[in-house]
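Here the working numbering is used: position 77 in the sequence shown is 78, and no number is missing along the way.
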Amino acid sequence: MTGNDKRIARGLGWVAGGGLLLLVNFAVALAVSPQYPNYPVQPTSFVLFAAGAFGGMWAADKLGNRALKVMGLTTGVVLALFLLLFVLSR
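In structure tokens:
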């Protein structure tokens, strides 16, 4: 894998990991909002996005030659879920 491929895979891992944990935080916020209306969405979103971004980059490094394909697919799925969530919220 070339240097550019590694950088692209890390960038895709950053987007996929951060986006995935943002979706998880959104689901948690919706699930706990009836019992806990003051759920801190903004701080938890920031922390989970940062953790997911670094986790995605770490996973891209660990996947080696498969990273570009796996992270590309994962990023596509996460972005499709965001689009679906946006369309359903309208």
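For glycine and all other residues, C-beta sits at the position ideal for the given N, C-alpha and C.
6 Å CB neighbourhood of residue i in its chain, flanking five on each side removed
i     : result
Ala60 : Gly14
Thr75 : Ala17
Met2  : Asn66
Among the options, nearest to residue i - alpha-carbon criterion
i     : options                    : result
Ala10 : Gln43, Leu82, Gly57, Val88 : Gly57
Gly19 : Asn5, Thr45, Pro41, Gly4   : Thr45
Phe87 : Tyr37, Phe55, Pro41, Leu24 : Leu24
Asp6  : Leu82, Arg91, Gly77, Val71 : Val71
Status (buried if at least 16 other CB within 10 Å, exposed otherwise) for residue i
i     : result
Val79 : buried
Closer than 7 Å: residue i CB and nearest the ligand HEM heavy atom
i     : result
Arg67 : Absence of the ligand HEM is noted for the structure shown, with no ligands found whatsoever.
Coil, strand or helix - residue i by DSSP
i     : result
Thr3  : coil
Gln43 : helix
Cβ distance (whole Å) where residue i is taken to contact residue j below 8 Å
i     : j     : result
Gly53 : Leu21 : 6 Å
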